[in-house]
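Chemist: Right, I'll just put the structure down here and ask away after.
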Amino acid sequence: MKTHSPITSKRGILVGRPLAGAMFLAWALSLVGFVHLLQQNQLLSHTVQTQQDQLIVQREQIVALQQRLRILEAVEDMQSNLSPDEEVHLTHQVYHYSEQHGLDPLLVLSVIRVESDFMPGAVSPMGALGIMQVMPATARFITERRGWSWPGESRLFEPSFNIRLATSYLSDLLAKFGSVEEALIAYNCG
């Protein structure tokens, strides 16, 4: 019968080779199990983070939809005389450009209501054009300042283009004057 020589551990305990092999195997298996648990934990952490990111995006989408609904209801309350499709399109434009230029969309709607009564083809006695009544000279100034191309006065009758220019201009005026009242006075002066 073959005898195994004992292995001495650091503490001086004598352990036989079969027992040492079994202990090593148990240690290796526990290490593999630990690594597996770490991987599972990382996977779960990644899944939770992804779901949290998706929730943030969904919350932002809900807020945006609530804001658009608020704008649409305001358009309807102001009796715009627009078709439902035109109201939805206007809502989208007002929301988009108000958001882009950091404006309250209800302020933008109020300017539209006062300036043109929601008529995209409006022309003032002073020569202001479109839904937000932008003077052609002011429009050229805005496009040059923003580095946009000037497509000509006829584009001022397109609500999307008109709102884009006017919200950009109104945003600049708010930054310059610091108050809504003063910015609106300057806006009205062209």
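For the sequence shown, position 55 matches number 55 in our numbering, and the numbering has no gaps at all. Each residue gets a CB set at the ideal place from its N, CA and C atoms; glycine is no exception.
#1: Put L82 into one of helix, strand or coil per three-state DSSP.
#2: Who pairs with V88 in a beta bridge, going by DSSP?
#3: Taking the alpha helix (DSSP H) that L38 falls in, what are its first and last residues?
#4: Since R222 is in the alpha helix (DSSP H), which residue starts that stretch and which ends it?
#5: Would you report the Cα separation of Y97 and T47, rounded to the nearest angstrom?
#6: So who's on the other strand from V123, going by DSSP bridges?
#7: Mind checking which residues open and close the alpha helix (DSSP H) that includes P136?
#8: Applying the 10 Å Cβ sphere with the 16-neighbour rule, what's the burial state of P201?
#9: Excluding five sequence neighbours on each side, which residues of the same chain lie with their C-beta closer than 8 Å to the C-beta of E158?
#10: Is the beta carbon of M78 closer than 8 Å to that of L44?
#11: Determine the extent of the alpha helix (DSSP H) in which R155 is found, giving its start and end residues.
#12: Could you pull out every residue in the same chain whose Cβ sits closer than 6 Å to the Cβ of A122, ignoring the five residues on either side in sequence?
#13: What is the C-beta distance between T138 and G190, in whole angstroms, given that I count them as a contact (C-beta under 8 Å)?
#14: Leaving out the 5 sequence neighbours to the left and right, which residues in its chain are closer than 7 Å to E153 when beta-carbon positions are compared?
Modeler: Taking the structure as given:
#1: Three-state result, L82: coil.
#2: Answer by DSSP bridge pairing: none, since V88 is not bridged.
#3: R17 to D77
#4: Look at the range of the chain in this structure, 1 to 190, and you will see that residue 222 is not part of it.
#5: Going by the C-alpha atoms only, they are around 35 Å apart.
#6: Per the DSSP secondary-structure output, V123 pairs in a beta bridge with L129.
#7: Start and end: P136 to R146.
#8: This structure cannot speak to residue 201, because the chain is shown only from 1 to 190.
#9: P120 and G130
#10: Against a cut-off of 8 Å, the Cβ pair of M78 and L44 comes out as no contact.
#11: Here R155 belongs to no alpha helix (DSSP H), and DSSP marks it neither H nor E.
#12: S116
#13: In this structure T138 touches G190 by the C-beta definition: roughly 5 Å separates them, less than 8 Å.
#14: L129 and P136
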